[in-house]
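Since the structure comes first, as structure tokens, the remarks are kept for the end.
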Amino acid sequence: MGTQTAITFVLWMSLYTQFSTALYSSKLVHRFSQEAVSYWSSKGKNITLPKLGSLEHMKVLLSSDLKRQKLKLGSQDRLLIPSQGSETFFYGNDMGWLHYTWIDIGTPNVSFLVALDAGSDLFWVPCRCIQCAPLSSSYYSMLDRDLSEYEPSRSSTSKPLSCSHQLCELGLNCQSPNGSCPYSVNYSENTSSSGLLFEDQLYLTSSGGGAPEGSIQAQVIIGCGSKQSGSDLDGSAPDGLLGLGPGKIAIPSLLARSGLVPHSFSYCFDNSYSGRMYFGDQGPATQRSTTFVPYKGEYSGYFIEVDDYCIGSFCLKQNGFQAQVDSGSSFTYLPSEDYKLFVAEFDKQMNATRSGIEKFPYCYKARSHGQPDVPSMKFKFALNQSFVIENPMFHIIDYQRKVLVQGDDLYCLGIQPLDGGIGIIGQNFMMGYRLVFDWENLKLGWSHSNCQDIRDSDRVHLTPSPNSAVNPLPTNEQQRTPGGHAVVPAVARRAPEESSAALSVHILYNHYCKTSLLLLHLTLWLPFW
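Every position in the sequence shown, counted from 1, becomes a number in the numbering used here once 1 is added.
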């Protein structure tokens with residue numbers, strides 16, 4: 002039994018027209034089998050595996066067992082936060098209306114102020130810059146220190162990601178499997194980042210769960226972003242971007258695969274625009290939740306089903322639509338036809354003087370005591386789960402004094418139309434909530450929060466202690482003008498793509514099958530990680 006490298010389970014079921022039964026066969030291939038080697042070789046991956054029955058083989062199996070036990074027993078109650086703390090920052094128009102946090106990478110560690118984006122997967126920072134955003138603090142009115150540029154050669158723990166690595170999506174474009182893996186990621190509005198991929202250490206610290214305090218060094222994949230374009234070049238992500246999507250290359254996935262925490266993370270944005278972020282957070286038992294759903298047949302991002310939405314006591318029951326939950330989008334977007342119905346009803350219920358401005362037609366003049374009365378608003382997700390929008394308006398002070406009298410402020414509806422039949426729930430609708438992206442259980446959780454209910458650990462010194470273990474990345478074998486630059490308010494950073502490498506779940510079903518017997522042969526490959 003110990004030397005058997007492939008196991009086949011066959012489940013026979015008759016498929017009759019009258020009874021709609023089916024026949025399935027599944028084949029499980031051991032990750033160290035020659036069949037697995039042949040499979041990855043056909044994909045252009047040069048895989049070296051330990052010899053079956055060898056001591057090295059047994060060590061790898063033991064290491065895998067320990068990681069699984071650590072994940073099941075030791076990480077469920079532990080949260081991880083960046084070494085400089087869980088706090089996130091919002092700089093408004095100065096830096097693209099996104100949320101940011103400080104992270105440390107490399108040895109010795111270097112700090113970066115990265116934008117947070119749940120709509121993409123890759124973590125990249127400015128590096129060996131050919132075309133990057135300005136990094137001088139004089140360019141940003143709210144910064145008191147210069148931003149950083151990553152140089153892999155100055156980090157003793159950095160190494161290039163090879164073209165033969167499983168996570169090198171552009172590996173087939175390399176001249177040699179041993180070459181450095183290139184990357185190119187495209188967002189919306191001609192915004193992109195490109196460069197080479199490296200492995201290096203990300204510094205984290207434990208928070209909660211009774212875990213010992215101290216620095217944790219997690220081996221992650223980092224994009225050495227030498228060339229940026231669009232809003233990233235203009236200042237929306239001058240010091241890099243932390244992709245928090247569900248893909249295998251994303252930080253939440255790598256932390257989970259290393260056995261550190263479950264594949265989950267949370268955001269909390271309070272009404273003052275500050276917030277918190279935690280890796281491994283699966284939320285309180287009292288939270289509401291809805292399931293993530295496939296987009297065009299694939300689980301490629303944080304998509305949920307919106308059944309209907311209500312303004313005041315009036316609910317607009319349509320056919321429903323899918324929406325991507327994306328912190329990288331400053332505002333919320335509805336499918337164009339739904340948007341027209343929504344804003345018409347909203348405007349009808351607003352008891353205030355409408356004064357639209359460029360790109361934001363639904364703005365209203367402030368009342369003497371501040372914000373005008375805004376009707377209540379909520380979305381209804383699948384399973385009849387209500388999501389109440391705390392405040393859909395944003396405040397503009399003294400917009401173009403040629404148009405408005407000084408002090409005549411505007412409150413604008415932070416919702417925009419979007420073509421394509423889908424929506425995006427942006428960060429403006431996340432205010433006042435602890436939002437949990439639990440990919441392990443394929444669900445989105447939310448609960449009201451002041452963003453202070455999960456306590457930070459104190460900041461820790463980043464010099465690794467003699468007993469501090471580095472958590473390795475699973476291998477193939479194992480596995481503006483100076484002083485105040487203004488940026489146009491961000492729109493959706495990334496339109497949903499046709500497909501993603503994040504996760505693919507294929508459901509094969511023939512509703513009109515007239516065959517009396519069917520054998521469906523599914524081959525399941527056990528992952529190397």
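Even for Gly, the Cβ is constructed at its ideal location relative to N, Cα and C. Bear in mind that the values here come from a model prediction, so they are computed numbers and not experimental data.
| query | result |
| --- | --- |
| Coil, strand or helix - R79 by DSSP | coil |
| Selected residue, minimal CA-CA separation from L136, among G241, G120, S163 and L173 | G241 |
| Among K318, P161, A134 and D282, nearest to Y184 - alpha-carbon criterion | P161 |
| Supposed contact pair Q132 and S112 - C-beta distance, whole angstroms, cut 8 angstroms | Between Q132 and S112 the Cβ distance is about 22 angstroms, and since that is not below 8 angstroms, they are no contact. |
| Beta carbon proximity, R368 to chain C, threshold 7 angstroms | No chain C appears in this structure, which consists of one protein chain only. |
| Rounded Cβ spacing between F336 and G415 (contact assumed at less than 8 angstroms) | Correcting the residue type first, residue 336 is Pro in the shown sequence and not Phe. So it is not a contact: roughly 16 angstroms between Cβ atoms. |
| Nearest neighbour of L81, chosen from L171, Y151, Y204 and S230 [CA to CA] | Y204 |
| Selected residue, minimal CA-CA separation from A345, among G321, F332, I312 and I358 | I312 |
| Minimum length 4: unbroken alpha helix (DSSP H) runs contained in the stretch 220-246 | 232-235 |
| V262 versus G302 - alpha carbon distance | 20 angstroms |
| Neighbour-count burial assignment, S328, 16 or more Cβ in a 10 Å radius | buried |
| Neighbourhood of F199 by C-beta, 7 angstroms cutoff - its chain only, sequence neighbours within 5 removed | P153, S159, K160, P161, L162, I223 and C225 |
| Beta-carbon proximity check, T292 vs I426, cutoff 7 angstroms | no |
| Contacts around I398, its chain only, beta-carbon distance under 6 angstroms, and the 5 residues preceding and following it disregarded | D410 |
| Inter-stretch contact at 8 angstroms, needing at least 3 Cβ pairs: the stretch 274-288 / the stretch 430-438 | yes |
| CB contact flag (S275, E441, <7 angstroms) | no |
| Neighbourhood of G284 by C-beta distance below 6 angstroms, restricted to the same chain and skipping five residues each side | V437 and G446 |
| Alpha-carbon to alpha-carbon, P127 and G581 | Since the first and last residues shown for the chain are 2 and 530, residue 581 lies out of range. |
| Cβ distance (whole Å) where I217 is taken to contact S207 below 8 angstroms | 7 angstroms |
| K381 beta carbon less than 7 angstroms from that of D282 | no |
| Integer-rounded CB distance, given that D95 should sit under 8 angstroms from S142 | 6 angstroms |
| Ordered list of beta strand (DSSP E) runs contained in the stretch 156-196, each at least 3 residues | 183-187 |
| Beta-carbon contacts of L255 that lie in its chain and below 6 angstroms, excluding the five residues immediately before and after | V221 |
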